[in-house]
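S.K.: My questions all concern the structure below.
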Amino acid sequence: MRIGMAGAGLSCAVIARALAEAGHEIEIHEQRDHVAGNCHMERDGETGVFVHAYGPHIFHTNDEGVWDYVNRFERFRPYTNRVKATTQGRVFSLPINLLTINQFFGQTLSPEEARAFIAERADSSIEDPQSFEEQALRFIGQELYEAFFLGYTRKQWGLEPTEIPASILKRLPVRFNYNDDYFEHRFQGMPEGGYTAMVERILDHDRIRVVLNSSLTAEDVASYDHVFYSGPVDGYFGYRHGRLQYRTLDFERIEAEGDVQGCAVMNYCDETVPWTRITEHKHFAPWESHEGSILFREFSRAREVDDIPYYPVHLVSGDETLERYQAAAENEPNVTFVGRLGTYRYMDMDVTIRAALDTVQAWLTERA
Ligand code: UDP
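For the sequence shown, the working numbering begins at 1075 and goes up steadily by one.
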């Protein structure tokens, strides 16, 4: 079959590869001048630092199949994400762990004592937390919530934490030991040659053709036997039910010398600081050595029409616009909507790859 695809990020790359290996002919249209979507990386011309062009992407997963898959196309170097946070004039370790708790409260608690100490501060009357705020108050209490989450979340989402779902906070663990690995996953690493090279290798197949600086829209669907669409689902339908809300990011690039902040990611949780975090990219590749340094100050804001969509905004109150688009998507038998933008989900890279592998497997099985 002749298959069309919109977007050359992780979703379509993984799907294209499986379809090409099954004998189908694939044509991918990518609006940007590079593949790999928002995990694209490029070398800074001056310093040689490998820059995560659209903000930090650390690969982590519990899914052995996904880990084997990425390692088939790129060499991953061991990397553990350890995040620091500046709040109320002090620096702490994230995710909240025993060091954070002991330093924040000026204590020397053991794991068991810390558990009891936090339980005393938590609001156990909240039985089934729905919002981000309820989840925070239920499990960490007012002081830690205000210090680490309230300001950052307002800046990141442009909403009150009462309006956004508990699932967003559930991304972060709270630990009663000194483990400061940001992720609770068995496999974690950084691609030595970057995600872009990895995606290029996934796409490197005789039956896959990638057209950069080009789009595939609803009007083009009839020229293919099937289309996989990883662009924004509301855009595909010409915004007929209104616009889905996304957050976009602005990066203020700083060029410097030496080691400026001493770690890859420093979050800024106070609302008085306008940025959410600062990334010093060279720390993502500790096996490399660079004199110069590139830092990104990251700012979040509501996405205007021409901005790159980053985070889909989900509300506790639900979203009728999204439901309309989901219904419309179901009524397009020749189009499969995939990925973060096509399905309007907050997806990590491993989840994106797993979803793509499962989608293409189901598609092939249905047609076998
Ligand atoms: N968050 C926060 N303070 C922090 C880090 C995270 O309030 O210092 C909240 C914020 O609402 C964020 C969410 O937790 O959107 C999930 O954080 P994560 O680090 O997973 O975000 P990502 O790296 O995907 O932007």
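For every residue, glycine included, the Cβ atom is placed at its ideal position computed from N, Cα and C. Quick caveat: nothing in here was measured; it's all calculated off a predicted structure.
#1: Counting only runs that start and end within the stretch 1166–1235, where is the alpha helix (DSSP H) found for 4 or more residues in a row?
#2: Please determine whether the Cβ atom of Leu1246 lies at a distance below 8 angstroms from any heavy atom of the ligand UDP.
#3: Could you give the DSSP three-state label for Tyr1143: helix, strand or coil?
#4: Leaving out five residues before and five after Ala1087 in sequence, what residues of the same chain have Cβ atoms less than 6 angstroms from its Cβ?
#5: Decide if the stretch 1328–1336 is in contact with the stretch 1388–1396; the criterion is three or more beta carbon pairs, one per stretch, under 8 angstroms apart.
#6: Based on the DSSP secondary-structure assignment, which residues constitute the bridge partners of Arg1164?
#7: What are the complete beta strand (DSSP E) segments, minimum 3 residues, inside the stretch 1342–1423?
#8: I need the straight-line Cα distance from Gly1366 to Gly1119, nearest angstrom please.
#9: Determine the direct distance from the alpha carbon of Asp1381 to that of Ala1082, and round the result to whole angstroms.
#10: Flag this pair as touching only if the stretch 1418–1429 and the stretch 1089–1108 have three or more C-beta atom pairs under 8 angstroms; answer yes or no.
#11: Are three or more beta carbon pairs between the stretch 1290–1304 and the stretch 1132–1146 nearer than 8 angstroms?
#12: Near Gly1416, what residues of its chain come up, given a Cβ to Cβ distance below 6 angstroms and the 5 sequence neighbours on each side ignored?
#13: From the DSSP output, which residues share a beta bridge with Glu1293?
#14: Using the three-state DSSP reduction, which class does Tyr1310 fall into: helix, strand or coil?
#15: Roughly how many angstroms separate the alpha carbons of Phe1261 and Phe1325, rounded to a whole number?
#16: Taking only three categories from DSSP, how would you classify Thr1121?
#17: Could you check where the alpha helix (DSSP H) with Ala1442 kicks off and where it finishes?
#18: Is any non-hydrogen atom of the ligand UDP found closer than 8 angstroms to the C-beta of Trp1349, if you look at the structure I gave you?
#19: Between the stretch 1370–1386 and the stretch 1140–1158, do three or more beta carbon pairs fall short of 8 angstroms?
#20: Is Arg1275 helix, strand or coil when you go by DSSP?
#21: Based on the DSSP secondary-structure assignment, which residues constitute the bridge partners of Glu1331?
#22: Can you grab the Cα-Cα spacing for the pair Asp1197 / Gln1209, in whole Å?
#23: Regarding Pro1130 and the ligand UDP, is the C-beta to nearest heavy atom distance less than 8 angstroms?
#24: With distances taken from CA atoms, which of Ser1374, Thr1433, Thr1160 and His1126 is nearest Val1301?
#25: Is it buried or exposed, Met1075, if we count other Cβ atoms within 10 angstroms and call 16 or more buried?
#26: Counting C-beta neighbours from all protein chains within 10 Å, is the total for Asn1253 16 or more, i.e. buried, or is it exposed?
#27: For His1108, tell me which candidate among Leu1093, Ile1282, Gln1230 and Ala1127 has the shortest Cα-Cα distance.
#28: Which two residues bound the contiguous alpha helix (DSSP H) that contains Leu1243?
#29: Kindly indicate which residue of Trp1231, Gln1204, Arg1283 and Arg1245 has the alpha-carbon position closest to the one of His1034.
#30: So, with DSSP's three-state summary, where would you put Thr1322?
M.R.: On the basis of the data shown:
#1: Annotation: the stretch 1166–1235 contains the following complete segments of the alpha helix (DSSP H) (minimum length 4 residues), in chain order: 1172–1179, 1185–1195, 1206–1213, 1215–1218 and 1225–1231.
#2: yes
#3: Under the three-state reduction of DSSP output, Tyr1143 falls in the helix class.
#4: Val1273, Ile1276 and Leu1277
#5: no
#6: Thr1161, per the DSSP bridge assignment.
#7: 1351–1354, 1366–1376 and 1409–1411
#8: 11 angstroms
#9: 18 angstroms
#10: no
#11: Short answer: they don't touch.
#12: Tyr1303, Ser1304 and Val1307
#13: None, per the DSSP bridge assignment.
#14: helix
#15: 29 angstroms
#16: coil
#17: Neither: Ala1442 is in no alpha helix (DSSP H) and is coded neither H nor E.
#18: no
#19: no
#20: helix
#21: Gly1366
#22: 10 angstroms
#23: yes
#24: Looking at the Cα atoms, Thr1433 is the closest of the given residues.
#25: Around the CB of Met1075, fewer than 16 other CB atoms lie within 10 Å, so the residue is classed as exposed.
#26: exposed
#27: Ala1127
#28: Ala1240 to Lys1244
#29: Residue 1034 cannot be examined here, being either before or after the span of the chain that is shown, 1075 to 1442.
#30: In the three-state DSSP reduction, Thr1322 falls in the strand class (E or B).
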